[in-house]
Amino acid sequence: LFKNAFYTFFLRRLGGIPVARSQDPGSQLGRNQDMLREACQTLKEGGSLALFPEGLSRSGLQLRPFKPGAARIALRAEDEAGGRAGVCLIPVGLTYSAPGMFRSEVVIQFGPPVEVGGFLEAYRANHNQGAQALTALLYQRLLSLTLHLENPDLEGAIRDLVAVYREEILQEFPDSAELHRRLLAGQELIRAAQYFARTNPELVQVLAIRLRHHLEQLGKLDLEPHALSPGKAAPGGWQLFLTLLLSPLALY
Numbered sequence: 034l035f036k037n038a039f040y041t042f043f044l045r046r047l048g049g050i051p052v053a054r055s056q057d058p059g060s061q062l063g064r065n066q067d068m069l070r071e072a073c074q075t076l077k078e079g080g081s082l083a084l085f086p087e088g089l090s091r092s093g094l095q096l097r098p099f100k101p102g103a104a105r106i107a108l109r110a111e112d113e114a115g116g117r118a119g120v121c122l123i124p125v126g127l128t129y130s131a132p133g134m135f136r137s138e139v140v141i142q143f144g145p146p147v148e149v150g151g152f153l154e155a156y157r158a159n160h161n162q163g164a165q166a167l168t169a170l171l172y173q174r175l176l177s178l179t180l181h182l183e184n185p186d187l188e189g190a191i192r193d194l195v196a197v198y199r200e201e202i203l204q205e206f207p208d209s210a211e212l213h214r215r216l217l218a219g220q221e222l223i224r225a226a227q228y229f230a231r232t233n234p235e236l237v238q239v240l241a242i243r244l245r246h247h248l249e250q251l252g253k254l255d256l257e258p259h260a261l262s263p264g265k266a267a268p269g270g271w272q273l274f275l276t277l278l279l280s281p282l283a284l285y
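To convert, note that position 164 of the sequence shown is 197 in the numbering used here; the numbers rise steadily by one, no gaps.
And the structure:
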């Protein structure tokens, strides 16, 4: 983005700091030293930074391994300030309802702040180990703030489970906001699927096949998964009479 002068003009005025990534063609990784200095100075002056520690955009249900850049910036700023900057990292989980759609709904969850000062001694003894320890803690904190599936092979089954059973699970969280309830329901279904994948993989395989077939049949009828409500009583006499009366018209 910063290779375009027009973008650069606006991004700089919005506080953007360019990062050279190894996956970008023509990137000069040596320029990241300038990025580190600028980012650390922002923190030491009391400013804030927003970073995406996975280092890429994703649409799957897995939290990818973190890059250590966020921890390194925070620890370096705290170290250069003599441990008096009070830098902390706040984990933020982002869960989109439709990741590929423009203006998708999103659940934003904030975790408790992590004080960087507690890792300063380890960082001073060994920069890499100190940054890795802080990165590992951040990763664990974010696991509870978003959807994470340990086994990516279950992703299709999880999406089908959510499509069919989410409305029932939502009733278990009546006091939460709607989008937050959806996240909690998804997390519950992931925990259940991962448990049975370990203890009874045959059951999970059979259920996944039946769910896929069920959703395909609904798709052929142009019905949403929640159009059918299980457990309803059979229609009464009046409903049956109307059905018989209106059947010829419906068939026509």
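No residue lacks a Cβ here, since even glycine has one placed at the ideal position from N, Cα and C.
Note that this is a predicted model, so its numbers are computed, not measured.
When beta bridges are read from the DSSP output, Cys73 appears opposite no residue. Per DSSP, the continuous alpha helix (DSSP H) segment holding Ile191 begins and ends at Glu188 to Leu203. DSSP places Val237 in the helix class (H, G or I) of the three-state scheme. Leu122 sits close to Ala107, with the two beta carbons spaced by under 8 Å. Ranked by Cα distance from Leu244, the first of Gln204, Arg192, Ser90 and Leu82 is Arg192. Per DSSP, reduced to three states, the secondary structure at Thr128 is strand. As for any alpha helix (DSSP H) of minimum length 4 sitting wholly inside the region 91–116, the runs are 102–113, ordered along the chain. When rounded, the separation of the alpha-carbon atoms in Asn184 and Gln272 is 47 Å.
Residue range Val139 to Phe143 is occupied by the beta strand (DSSP E) that includes Phe143. Contact between the region 191–208 and the region 132–147 is absent: fewer than 3 CB-CB pairs across the two stretches fall below 8 Å. Here DSSP, grouped into helix, strand and coil, assigns Leu89 to coil. For Glu71, the closest alpha carbon among the candidates Ser81, Ala155 and Ile50 is that of Ile50. As computed with DSSP, Leu122 is found in a beta bridge with Val147. Listed in chain order, the alpha helix (DSSP H) elements of length 4 or more contained wholly in the region 207–255 are 211–232 and 234–253.
In the structure shown, Gln162 falls within a helical segment according to DSSP collapsed to helix, strand and coil. For Ser280, the enclosing alpha helix (DSSP H) covers residues Gly270 to Leu284. Three or more Cβ pairs closer than 8 Å define a contact, and the region 59–73 falls short of that threshold against the region 136–150. Restricting attention to Phe35, Arg54 and Ala53, the CA atom closest to the CA of Arg45 is found in Phe35.
Cα atoms of Phe42 and Leu69: separation of roughly 20 Å, rounded to the nearest angstrom. Burial check for Gly93: the Cβ neighbour count within 10 Å stays below 16, so the residue is exposed. Looking at Gly79, Leu182, Leu178 and Leu84, the one whose alpha-carbon comes closest to that of His213 is Leu178. Secondary structure of Gln56 (DSSP, three-state): coil. Where Ala38 is concerned, the enclosing alpha helix (DSSP H) starts and stops at Ala38 to Arg46. Between the region 145–152 and the region 203–213 there are fewer than three inter-stretch CB-CB distances shorter than 8 Å, so the stretches are not counted as touching. With distances taken between CA atoms, Arg215 lies nearest to Leu127 out of Leu240, Leu127 and Ala53.
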